[in-house]
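Worksheet: one structure, shown below.
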């Protein structure tokens with residue numbers, strides 16, 4: 001057997017997180033052979049998905065784009081240009097600040113301003129400490145890097161109201177809006193409805209091919225389409241991703257409450273395992289982070305052992321603030337639901353209590 | 356029958372140009388169910404295609420990107436940043452200037468400078484009239500909007516040498532390099548080898564899903580990958596487009612000389628049809644433009660009539676300088692090769708001599 005963990009990934013028949021290993025065959029099966037193709041993003045299944053998403057989010061319009069990176073930059077550029085302001089407020093751990101190579105600055109001449117602290121959610125107090133009038137406030141629901149935490153509904157309303165009172169747009173980073181909706185026990189439209197604009201993703205919780213939608217007022221979405229073209233996202237055909245999203249969106253969205261229940265069942269089962277901490281506990285959405293009392297080397301050994309048994313867990317752990325701990329993320333999907341909380345408990349036990 | 360031409364497109368079983376009507380079923384069949392998936396552009400079939408293209412072009416490295424718009428902006432940004440220069444020289448009819456909403460200016464703070472005139476190829480004389488030191492010279496081979504014309508091989512060498520002598524990068528817009536290669540009777544590597552960097556497309560002459568490669572020196576391509584991430588092109592999975600390109604690239608590339616021969620056969624057959632002018636005549640690559648002596652209304656009527664018979668031609672004509680003429684583009688592919696030059700002649704005759 002190879003001892004390269006990544007090389008074993010393809011051989012794993014099962015996975016602990018999400019909807020299972022990414023396989024071309026499974027994803028191709030989500031695209032009907034009679035799919036109506038678009039031309040440069042116009043018509044066909046792309047238009048159908050855009051209508052579906054604008055309906056689900058209760059927003060006047062939606063545009064399909066290849067990636068969230070592109071979608072959020074585009075809409076923030078629109079908000080900024082319309083306001084003649086250049087500053088975007090966001091959580092220090094958000095995707096825009098951590099994973100996009102300062103594209104806001106380098107491509108759009110916007111300036112990101114992190115608000116609050118890495119290790120906790122943004123508070124109204126953090127926002128009130130911002131003196132400069134900003135173009136937009138971006139809120140990520142749930143906050144992925146904090147284990148999928150959500151602000152209370154009242155906090156959320158107050159933060160959005162603060163943004164509006166300063167003339168800033170309120171934009172929802174809804175990469176996991178589907179999960180946030182289950183967490184709040186509210187429809188996606190109720191959550192998105194607080195905001196001016198929202199981005200939603202289809203390849204994460206939904207498990208489709210890469211792609212996303214940006215929803216909001218008609219005029220903003222139309223301008224986002226102009227930026228989509230400029231940024232190279234108006235592909236000759238966007239239909240493969242859109243068709244995949246459309247076929248999985250409704251059924252997977254309906255499963256989110258079950259995923260959340262399973263997340264909470266897993267947290268219950270893990271509560272007495274020494275060396276395992278669930279963040280947050282109880283989980284607020286169908287995802288959670290785990291702090292595992294183990295070294296990176298021992299972590300890798302266990303992941304390798306499990307992969308050899310056919311179960312994919314993680315390619316590596318993320319650093320935790322505590323040097324004696326490793327941090328991992330667990331997104332609950334169909335693959336996770338195929339295991340009982342006790343089975344998940346047994347897998348995690350092996351990371352912290354190697355035999 | 357509907358009288359909306361675009362609505363008839365899906366019902367047409369044949370097409371005059373390219374490889375036939377775009378159908379989900381046909382394109383999905385170009386992606387194997389066992390395709391090795393990439394993760395955020397790393398590994399799998401994406402790496403395989405990149406290796407294939409860098410080999411074909413004889414360049415050290417290649418990166419796959421979702422679109423040529425993104426690829427060319429990214430590499431021009433790299434060339435400009437490395438030279439501390441902001442000006443990009445190109446033909447007034449190039450994609451960068453006509454179809455990207457001034458993204459060079461709006462996203463990258465670069466300035467496009469058209470060289471020469473709309474209606475003819477760039478000459479060395481045009482370039483020598485440029486006083487400012489530019490970041491890059493972009494040459495599009497063949498020049499699509501001039502019917503697929505090519506500069507002579509000697510002119511091409513001289514223009515690239517001029518760029519180098521001024522310290523500018525020489526970049527090839529090779530959206531149709533496969534066609535240019537057939538036109539010059541030289542390998543893609545011989546043509547691309549004149550340049551510092553080259554972009555090639557897979558959905559045009561090759562007929563695959565949207566996507567392209569940018570090839571060049573290792574360090575430039577690595578930096579293009581950074582811009583791909585910033586521009587939102589490093590999708591979670593890029594494998595559908597890459598797999599489609601890899602399966603069609605070799606077979607369709609091998610057919611380019613046959614497409615060119617067919618283009619010339621069609622031009623021969625059309626030469627005595629009154630009201631039809633072939634540009635250029637003879638064709639220099641497997642594409643050509645046609646000037647048809649007809650009004651936009653009569654053009655549409657004929658296109659509609661042909662679509663009702665199951666043959667897709669064009670959704671509309673482009674304006675010609677001559678108000679009494681309409682201009683269309685014909686790309687020669689498998690669909691065109693299924694018709695003899697005489698059959699193509701008969702189709703064109705109907706546009707200029709309606710019954």
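Chains as they are written, first to last, in the numbering used here: chain A, 1 to 355; chain B, 356 to 710. Using N, Cα and C, we set each Cβ at its ideal position, and we do this for glycine too.
Alpha carbon of residue i to alpha carbon of residue j, nearest angstrom
| i | j | result |
| --- | --- | --- |
| residue 653 (chain B) | residue 660 (chain B) | 11 angstroms |
| residue 114 (chain A) | residue 140 (chain A) | 13 angstroms |
| residue 472 (chain B) | residue 681 (chain B) | 21 angstroms |
| residue 441 (chain B) | residue 669 (chain B) | 38 angstroms |
| residue 158 (chain A) | residue 258 (chain A) | 29 angstroms |
| residue 672 (chain B) | residue 152 (chain A) | 57 angstroms |
| residue 147 (chain A) | residue 101 (chain A) | 23 angstroms |
| residue 267 (chain A) | residue 165 (chain A) | 39 angstroms |
| residue 125 (chain A) | residue 189 (chain A) | 27 angstroms |
| residue 98 (chain A) | residue 92 (chain A) | 8 angstroms |
| residue 242 (chain A) | residue 626 (chain B) | 45 angstroms |
| residue 280 (chain A) | residue 387 (chain B) | 41 angstroms |
| residue 674 (chain B) | residue 540 (chain B) | 32 angstroms |
| residue 536 (chain B) | residue 607 (chain B) | 13 angstroms |
| residue 47 (chain A) | residue 309 (chain A) | 44 angstroms |
| residue 737 (chain B) | residue 336 (chain A) | In the structure as shown, chain B starts at 356 and stops at 710, and residue 737 (chain B) therefore has no counterpart that could be examined. |
| residue 230 (chain A) | residue 110 (chain A) | 17 angstroms |
| residue 130 (chain A) | residue 137 (chain A) | 11 angstroms |
| residue 269 (chain A) | residue 8 (chain A) | 28 angstroms |
| residue 221 (chain A) | residue 149 (chain A) | 28 angstroms |
Contact belief for residue i with residue j at Cβ below 8 angstroms, rounded distance in angstroms
| i | j | result |
| --- | --- | --- |
| residue 686 (chain B) | residue 232 (chain A) | About 22 angstroms; that fails the 8 angstroms criterion. |
| residue 198 (chain A) | residue 57 (chain A) | 6 angstroms |
| residue 215 (chain A) | residue 245 (chain A) | Going by Cβ atoms, the distance from residue 215 (chain A) to residue 245 (chain A) rounds to 13 angstroms, so no, they are not a contact pair. |
| residue 224 (chain A) | residue 74 (chain A) | 5 angstroms |
| residue 312 (chain A) | residue 12 (chain A) | 4 angstroms |
| residue 374 (chain B) | residue 562 (chain B) | 4 angstroms |
| residue 344 (chain A) | residue 127 (chain A) | Not a contact, Cβ separation roughly 37 angstroms. |
| residue 649 (chain B) | residue 707 (chain B) | 6 angstroms |
Unbroken beta strand (DSSP E) run spanning residue i, endpoints
| i | result |
| --- | --- |
| residue 90 (chain A) | 87 to 90 |
| residue 567 (chain B) | 567 to 571 |
| residue 419 (chain B) | 416 to 420 |
| residue 467 (chain B) | 466 to 469 |
| residue 326 (chain B) | Since the first and last residues shown for chain B are 356 and 710, residue 326 (chain B) lies out of range. |
| residue 320 (chain A) | Neither: residue 320 (chain A) is in no beta strand (DSSP E) and is coded neither H nor E. |
| residue 528 (chain B) | 524 to 529 |
| residue 139 (chain A) | 136 to 140 |
| residue 457 (chain B) | Per DSSP, residue 457 (chain B) belongs to no beta strand (DSSP E) and is neither H nor E. |
| residue 365 (chain B) | Note, residue 365 (chain B): premise wrong, no beta strand (DSSP E); not H, not E. |
| residue 614 (chain B) | Note, residue 614 (chain B): premise wrong, no beta strand (DSSP E); alpha helix (DSSP H) at 594 to 625. |
| residue 542 (chain B) | Taken as a continuous stretch (DSSP letters only), residue 542 (chain B) belongs to no beta strand (DSSP E), as it is neither H nor E. |
Status (buried if at least 16 other CB within 10 Å, exposed otherwise) for residue i
| i | result |
| --- | --- |
| residue 34 (chain A) | exposed |
| residue 144 (chain A) | buried |
| residue 467 (chain B) | buried |
| residue 219 (chain A) | exposed |
| residue 658 (chain B) | buried |
| residue 25 (chain A) | exposed |
| residue 161 (chain A) | exposed |
| residue 509 (chain B) | exposed |
| residue 534 (chain B) | buried |
| residue 695 (chain B) | exposed |
| residue 1 (chain A) | Confidence at residue 1 (chain A) is low in this model, with a pLDDT of 44, below 50, so the placement of that residue should be treated as unreliable; the coordinate-derived value is given next. Answer is exposed; the Cβ neighbour count stays below 16. |
| residue 38 (chain A) | buried |
| residue 286 (chain A) | buried |
| residue 551 (chain B) | buried |
Reference residue i, options the options, closest by Cα
| i | options | result |
| --- | --- | --- |
| residue 42 (chain A) | A:226, A:309 and A:280 | A:226 |
| residue 76 (chain A) | A:351, A:169, A:271 and A:309 | A:169 |
| residue 474 (chain B) | B:644, B:648 and B:709 | B:644 |
| residue 594 (chain B) | B:610, B:567 and B:616 | B:567 |
| residue 451 (chain B) | B:528, B:376, B:433 and B:378 | B:528 |
| residue 6 (chain A) | A:341, A:110, A:307 and A:351 | A:307 |
| residue 420 (chain B) | B:589, B:375 and B:373 | B:589 |
| residue 282 (chain A) | A:273, A:260, A:295 and A:275 | A:260 |
| residue 176 (chain A) | A:142, A:230, A:187 and A:108 | A:142 |
| residue 333 (chain A) | A:8, A:9 and A:21 | A:21 |
| residue 726 (chain B) | B:490, B:460, B:444 and B:407 | Examination of residue 726 (chain B) is not possible in this model, given that chain B is present from 356 through 710 alone. |
Span of the alpha helix (DSSP H) around residue i
| i | result |
| --- | --- |
| residue 691 (chain B) | 689 to 692 |
| residue 553 (chain B) | Segment 552 to 556 is the beta strand (DSSP E) holding residue 553 (chain B); no alpha helix (DSSP H) there. |
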